[in-house]
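Numbering-wise (the UniProt record's numbering), the sequence shown opens with residue 1 and increments by one.
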Amino acid sequence: SEEKQSGKEIEVDEDRLPSRAMAIHEHIRQDGEKEMERDAMALLWSAIAAGLSMGASLLAKGIFHVQLEGVPGGFLLENLGYTFGFIIVIMARQQLFTENTVTAVLPVMQNPTLSNVGLLMRLWGVVLLGNLIGTGVAAWAFEYMPIFDEETRDAFVKIGMEVMKNSPTEMFANAIISGWIIATMVWMFPAAGGAKIVVIILMTWLIALGDTTHIVVGSVEILYLVFNGTLPWSDFLWPFALPTLAGNICGGTFIFALMSHAQIRNDMSNKRKEEARLRGERLERERKKAEKQR
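The structure is reproduced here in structure tokens:
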């Protein structure tokens, strides 16, 4: 399978690179370069699909909330529903904004040119727009299509209001944690092989159990409250969207990606020194050989 092949590639890369971390870094960086160069409309449609798919997280969590009410350990199983949207999005290779806070950032850190920064901003802007459009459509459908009973609708409201209990500062701080967890998950993928889906479930389940905030999943939850009249549009932007977006970017980019790239820079420096030493030794051997022949 492709997942197993990915794992094999990491093993192969490790043989020629200074560390396993650098092999993983290279794998993710190359994926990031491919995403940055994709057509904008292709990115947009993929991101819209991801936003729609993320509705599955609210859907599953709401249904589990109703069915597991009063059941011992129901909290754990209810939050397992949060993972559904991530499983769909990642396994279907749809564009999720918080994945790109590490995947597309590594090429820029490797080669910080204005052109690469521009490509990163284009990618972030298009994917975030698409994700928000998709989540908006999903939230609207959950409210206006005659699909769910009143208990499930009440569960959707309760889930959204739990998010809105956070102050802007708490939204930001919680989003740093979720951004860091998502970035960690992306970092684990190249070596996960066939266990990729297990990694997705465990890491995103942790996000739910910690009651952290996520710009895409949270948008479905809060936009549902907007469409049913519980909240005004202004409450979506503040205290939710802006602090959460900033926190996700900080957690994924400024903490995880920067720290991960820092160790790789040292590896790269050591690799260049080793290559220079070997090149010098080879030239010295060639010089001595030439002298003997004379």
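Every residue, glycine too, gets a C-beta built ideally from N, C-alpha and C.
Excluding residues up to 5 positions away in sequence, Ile182 and Val186 lie with their Cβ nearer than 7 Å to the Cβ of Glu99 in the same chain.
A direct Cα-to-Cα measurement between Gln110 and Cys250 gives close to 19 Å. By the criterion of at least three beta-carbon pairs nearer than 8 Å, the segment 51-68 is in contact with the segment 208-228. Three or more beta-carbon pairs separated by less than 8 Å are not found between the segment 118-134 and the segment 151-166, which leaves the two stretches without contact.
Thr213 and Gly81 have their C-alpha atoms spaced approximately 15 Å apart. Put simply, of Ile48, Asp211, Glu37 and Val117 the residue whose alpha carbon is nearest the alpha carbon of Ile177 is Asp211. Trp180 counts as buried, since no fewer than 16 other beta carbons sit within 10 angstroms of its beta carbon. Leaving aside the five residues that flank Gly55 on each side, the residues in its chain whose CB is nearer than 6 Å to its CB run, in chain order, Ala138 and Val220. Excluding residues up to 5 positions away in sequence, Gly51, Met54, Leu96, Phe97, Thr98, Asn131 and Thr135 lie with their Cβ nearer than 7 Å to the Cβ of Val216 in the same chain.
Counting every other CB atom within 10 Å of its CB across the protein chains shown gives Glu35 a total of 16 or more, marking it as buried. Secondary structure remark: continuous alpha helix (DSSP H) runs of at least 4 residues inside the segment 81-115, in chain order: 83-91, 100-103 and 105-110. For Val226 and Val157, the gap between their C-alpha atoms comes out near 10 Å. Excluding the 5 residues flanking it on each side, Thr253 has same chain C-beta neighbours closer than 6 Å at Thr101 and Val105, in chain order.
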